[in-house]
Amino acid sequence: MTVDDISSGSGEEQPPFSPYRTPHHEVDHTAEPTDDPLAIRLEQLILGADRRYTPFQAARTAGVSMELASRFWRAMGFADIGQAKALTEADVLALRRLAGLVEAGLLSEPMAVQVARSTGQTTARLAEWQIDSFLAGLTEPPEPGMTRTEVTYPLVELLLPELEEFLRYVWRRQLAAATGRVVQAADDEEMVDRRLAVGFADLVGFTRLTRRLEEEELGELVEAFETTCADLVAAHGGRLIKTLGDEVLYAADDAGTAAEIALRLIETMSNDETMPELRVGIAFGTVTTRMGDVFGNTVNLASRLTSIAPKDTVLVDGAFAEELGRTAEAPVSESEAAAEAERAEKNGEEPPSYRFALQPMWQRPVRGLGVVEPWLLTRRTTDDRRAG
Numbered sequence: 310m311t312v313d314d315i316s317s318g319s320g321e322e323q324p325p326f327s328p329y330r331t332p333h334h335e336v337d338h339t340a341e342p343t344d345d346p347l348a349i350r351l352e353q354l355i356l357g358a359d360r361r362y363t364p365f366q367a368a369r370t371a372g373v374s375m376e377l378a379s380r381f382w383r384a385m386g387f388a389d390i391g392q393a394k395a396l397t398e399a400d401v402l403a404l405r406r407l408a409g410l411v412e413a414g415l416l417s418e419p420m421a422v423q424v425a426r427s428t429g430q431t432t433a434r435l436a437e438w439q440i441d442s443f444l445a446g447l448t449e450p451p452e453p454g455m456t457r458t459e460v461t462y463p464l465v466e467l468l469l470p471e472l473e474e475f476l477r478y479v480w481r482r483q484l485a486a487a488t489g490r491v492v493q494a495a496d497d498e499e500m501v502d503r504r505l506a507v508g509f510a511d512l513v514g515f516t517r518l519t520r521r522l523e524e525e526e527l528g529e530l531v532e533a534f535e536t537t538c539a540d541l542v543a544a545h546g547g548r549l550i551k552t553l554g555d556e557v558l559y560a561a562d563d564a565g566t567a568a569e570i571a572l573r574l575i576e577t578m579s580n581d582e583t584m585p586e587l588r589v590g591i592a593f594g595t596v597t598t599r600m601g602d603v604f605g606n607t608v609n610l611a612s613r614l615t616s617i618a619p620k621d622t623v624l625v626d627g628a629f630a631e632e633l634g635r636t637a638e639a640p641v642s643e644s645e646a647a648a649e650a651e652r653a654e655k656n657g658e659e660p661p662s663y664r665f666a667l668q669p670m671w672q673r674p675v676r677g678l679g680v681v682e683p684w685l686l687t688r689r690t691t692d693d694r695r696a697g
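Residue 310 is where the sequence shown starts when you use the working numbering, and the numbers rise one by one after that.
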C-alpha cells in the first residue's frame with residue numbers, strides 16, 4: 310500500500326485539497342492538474358519548485374490533518390484534485406505556517422481560515438487582472454511567426470521578481486496604514502464596529518450604456534471610471550472598499566474627507582465628456598468591518614441615498630449633516646450662519662468659514678430603513694459666504 314492510499318488516521322477518507330483554482334470558488338471534485346508542458350514549466354518558474362507531494366503527503370509532512378489542510382486550501386479558493394502529485398515544498402510550508410500560528414495561540418483556527426480566505430480572494434483578483442490586462446497585452450508576438458508561447462516564458466521570468474517585490478512593498482505600506490488606524494481607535498469595540506462615513510458613487514444610465522456600447526468600449530469606460538475613483542479616493546484620504554463595475558464604495562474616517570471626495574468625483578466626471586452623469590450617496594454611523602469590507606445599516610442607507618440622488622448631486626443622511634456641523638465643516642443652518650457673520654462683523658472679527666453647504670430635501674420612506682430626510686451637499690460658494 311502506498312502513502313496515497315493511507316487515510317488521515319480517522320478511519321475515513323478525508324477530503325483532498327489542491328492549489329488549483331476553481332472559478333467563483335466552486336469546488337470541482339474532478340479537477341486535475343494540467344499536463345501541458347508549457348503550463349508545467351511556467352508553474353515551476355512561478356512557484357520555484359517541482360511537483361512533489363500528493364495532498365495527503367503534503368498534509369502529513371506539514372504535520373496537519375487532511376481535514377484542516379482541506380479547509381485552508383478551499384478557503385484560499387483552490388479546487389480538489391484527489392490524490393494527484395501536484396504540490397510543492399512551498400505548499401507544505403504554507404500549511405505549516407498557518408497551523409503553527411494556531412498552535413502558538415496567535416490565531417484561532419477560524420481566524421486562520423479567514424486569513425487564508427481573505428488572502429486568497431484578494432490575490433486571486435490581482436493575479437487574474439495581471440494576466441488578463443497586463444501580460445496578455447505584453448505577450449503579443451513582437452515578430453511575425455513567433456507564437457505567444459515562445460514569448461510568455463521569458464517575459465514572466467523577467468517580470469516575476471519585480472512584481473513580487475512591488476507586491477511586498479505595497480502590502481507592507483497598506484498593512485502599516487491599517488495598523489495605524491487600529492491603534493488610534495478609541496477602544497476595542499471601535500476596532501470592529503467603527504463610526505465611519507460611507508459613500509457610494511454610481512454611474513447614471515449604465516444599463517442603457519451596456520446595450521449601446523461595444524464590449525471593448527464598455528470595458529474601457531468601466532476601467533476609466535474605476536481608475537478615476539480610486540485615484541481621487543486615495544488622494545484625498547479615503548479608502549476604496551470595492552468596485553462593482555458602475556459603482557464604487559468608499560469609506561473615510563471623518564465626514565469632511567468623505568464630502569470632499571464626493572464633490573471631487575462629481576466635478577471630475579462632469580468635466581469628462583466621455584463619462585455618464587454620476588450620483589453619490591453618503592451616510593455616517595457605526596459600520597462593521599470584515600475582511601476589508603463594510604456592513605450595516607449605515608452602508609445600506611448610503612446605497613439607498615445613491616439610488617434616489619438626482620444626477621450629478623450628492624445626498625447625505627442626517628447624521629452626516631450633523632457631523633459636518635459638529636466639526637464646523639458646514640453651518641448647522643444658513644440663518645445661524647448669517648447671525649454668526651453679523652456678530653463677527655459688529656465685533657470686527659473674521660466670520661466663520663465653511664467648506665460645504667447643506668440643504669434639507671424632502672422626507673421620503675426608504676425600503677427597509679423607514680423615513681429619511683436627505684440633505685443636498687454642495688460646496689459653499691462666495692455668494693453663500695456673503696449671505697452667511
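Ideal Cβ placement from N, Cα and C applies to all residues, glycine included.
- Of the other Cβ atoms in all chains shown, fewer than 16 fall within 10 Å of the Cβ of R406; this residue is therefore exposed.
- When C-alpha distances from P683 are compared across T516, L468 and I617, the shortest belongs to I617.
- Beyond the five residues adjoining it in sequence on each side, E569 comes within less than 7 Å, by CB distance, of H545 in the same chain, given in chain order.
- In terms of Cβ geometry, D626 and I591 form a close pair [threshold 9 Å].
- Within the same chain, V401, L404 and R405 come within 6 Å of A371 by CB-CB distance, once the 5 residues on both sides are set aside.
- Selection N656, P660 and A564 evaluated against E645 yields P660 as nearest (Cα-Cα).
- G429 sits buried, since 16 or more C-beta atoms from the chains shown fall within 10 Å of its C-beta.
- Spanning the alpha carbons of S417 and A639 requires a straight line of approximately 45 Å.
- Inside the segment 638-695, DSSP marks whole alpha helix (DSSP H) runs of 4 or more residues at positions 643-655, from first to last along the chain.
- By the neighbour-count definition (other C-beta atoms within 10 Å, threshold 16), F387 is a buried residue.
- A561 and A506 do touch by the CB rule: their CB atoms are close to 5 Å apart, below 8 Å.
- Note on geometry: alpha-carbon atoms of G391 and W480 lie some 33 Å from one another.
- Only residues of its own chain outside the window of five on either side were considered, and among them F509 have a CB closer than 6 Å to the CB of S612, listed in chain order.
- Leaving aside the five residues that flank E529 on each side, none in its chain has a CB nearer than 6 Å to its CB.
- Taking each of R652, F629, E649 and L522 in turn and checking the Cα distance to L667, the smallest one comes out for F629.
- The straight-line gap separating the alpha-carbon atoms of E523 and N580 is approximately 23 Å.
- Checking the DSSP bridge columns, you'll see K620 has no partner listed.
- Unbroken alpha helix (DSSP H) runs of no fewer than 4 residues, entirely contained in the segment 559-609, are found at 564-579, following chain order.
- Secondary structure at G528: helix, using DSSP grouped into helix, strand and coil.
- Taking one beta carbon from each stretch, the segment 344-354 and the segment 374-383 have fewer than 3 pairs nearer than 8 Å; the two do not touch.
- For R361, no beta strand (DSSP E) run applies, since DSSP gives it neither H nor E.
- Looking at the backbone, the Cα of T597 and that of L476 are separated by about 27 Å.
- Separation of the CB atoms of A564 and E632 is rounded to 4 Å, and the pair is thereby assigned contact status at 8 Å.
- When DSSP states are grouped into helix, strand and coil, A506 belongs to the strand group.
- In this structure, I355 sits away from V460, with a CB-CB distance that is not shorter than 9 Å.
- In the DSSP assignment, T516 falls within the alpha helix (DSSP H) that extends over F515 to R521.
- DSSP, reduced to helix, strand and coil, places A393 outside both helices and strands of the structure shown, so it counts as coil.
- Taking C-beta atoms as the reference points, G514 and E586 count as a pair closer than 9 Å.
- The residue among M385, T519, R664 and L685 with its C-alpha nearest the C-alpha of R434 is M385.
- Sequence-distant partners of Q423 (beyond 5 residues in either direction) whose C-beta falls short of 8 Å from its own C-beta, in its chain, are A384 and M600.
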